[in-house]
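Numbering (full-length UniProt numbering), first residue to last: 1 to 282.
Structure, rendered in structure tokens:
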């Protein structure tokens, strides 16, 4: 996939923003990455939650020309709330800034924001570059900045521990139909292993759970025999109609989980300064 196709939908390319989350893959010398491109535009931050909840680490992209935007704060807050362990910062559009002091000021602002939400702002890696210039000249100095960014990601983001020995569980992020083949549920495997031919249970949102057969497993358009914890996959489900499964449900090994209608939750109410309510609830 080319870089300019990461924002896949026509309205995304037209507006130059990301509305939904997109998945791409790439490799460094040390790791294989599944990269979730999340919305940055304020109107679509709610869709970013889906992406953030899947992350083992994050690259926070901030415009060197504009500095942190209101949604930058929200992205950092959401990353903290969903348990993203480490953030690496990329100051983009540095080719548009001639004043070195301005870049230093933006860097200082970003570090303060990270520290405000209990990330290690003082020691966070910040790489200054230009994505556009790197695409235009991958072998030039701007291209080297992308290599520098990924080196920081390799070094700073901890190796995640995968719970492959536990029963299979995957929250459903999205659902779509493939003509002639059936319905596909996509998401990130939270724990365990799933293989073609396995029985899985669709749990949640409906009064009764339902057991179905996984007839295919794909990841980044490659057919797999099995997927394990940490993989972003599409699971093809036999005999399931598009309207019989939805985002928010989970796929699980039959009999291993039960749905609940009462649970404890942690709620963070945005302050006025964070773009939240201007008036109290009560």
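Even glycine gets a Cβ: it sits at the ideal position worked out from N, Cα and C.
Just so it is clear, the structure is predicted and the values come from calculations on it, not from any experiment.
Per-residue burial, residue i [other beta carbons within 10 Å of its own, 16 or more giving buried]
i: residue 273; result: exposed
i: residue 204; result: buried
i: residue 236; result: buried
i: residue 43; result: Residue placement at residue 43 is flagged as unreliable, the pLDDT there being 47, under the threshold of 50; a coordinate-derived value is accordingly withheld.
i: residue 92; result: buried
i: residue 30; result: exposed
i: residue 287; result: Residue 287 lies beyond the range of the chain shown here (1 to 282); nothing can be said about it.
i: residue 173; result: buried
i: residue 94; result: buried
i: residue 96; result: exposed
First and last residue of the uninterrupted alpha helix (DSSP H) at residue i
i: residue 76; result: 70-81
i: residue 151; result: 141-156
i: residue 209; result: No alpha helix (DSSP H) holds residue 209; DSSP gives it neither H nor E.
i: residue 251; result: From DSSP, residue 251 is part of no alpha helix (DSSP H) but of the beta strand (DSSP E) over 250-252.
i: residue 132; result: 131-136
Per DSSP, the bridge partner or partners of residue i
i: residue 92; result: 63
i: residue 222; result: 219
i: residue 123; result: Paired residues: none, contrary to the question.
i: residue 183; result: 177 and 237
i: residue 113; result: Its beta-bridge partners do not exist; DSSP assigns none.
i: residue 25; result: 34
i: residue 201; result: 211 and 252
Where the beta strand (DSSP E) through residue i begins and ends
i: residue 126; result: 126-128
i: residue 33; result: 32-37
i: residue 193; result: 193-195
i: residue 170; result: 169-171
Would you be able to state if there are at least three C-beta pairs under 8 Å between the region 246-264 and the region 219-228? no
Answer yes if the region 190-207 comes into contact with the region 230-246, meaning at least three C-beta pairs across the two stretches below 8 Å, and no otherwise. yes
Is the region 128-148 in contact with the region 161-177, if contact means three or more CB pairs nearer than 8 Å? no
Evaluate the contact criterion for the region 115-126 versus the region 76-88: three or more CB pairs, one atom per stretch, below 8 Å. yes
Give a yes or no on contact between the region 53-72 and the region 97-114, applying the rule of three or more CB pairs nearer than 8 Å. yes
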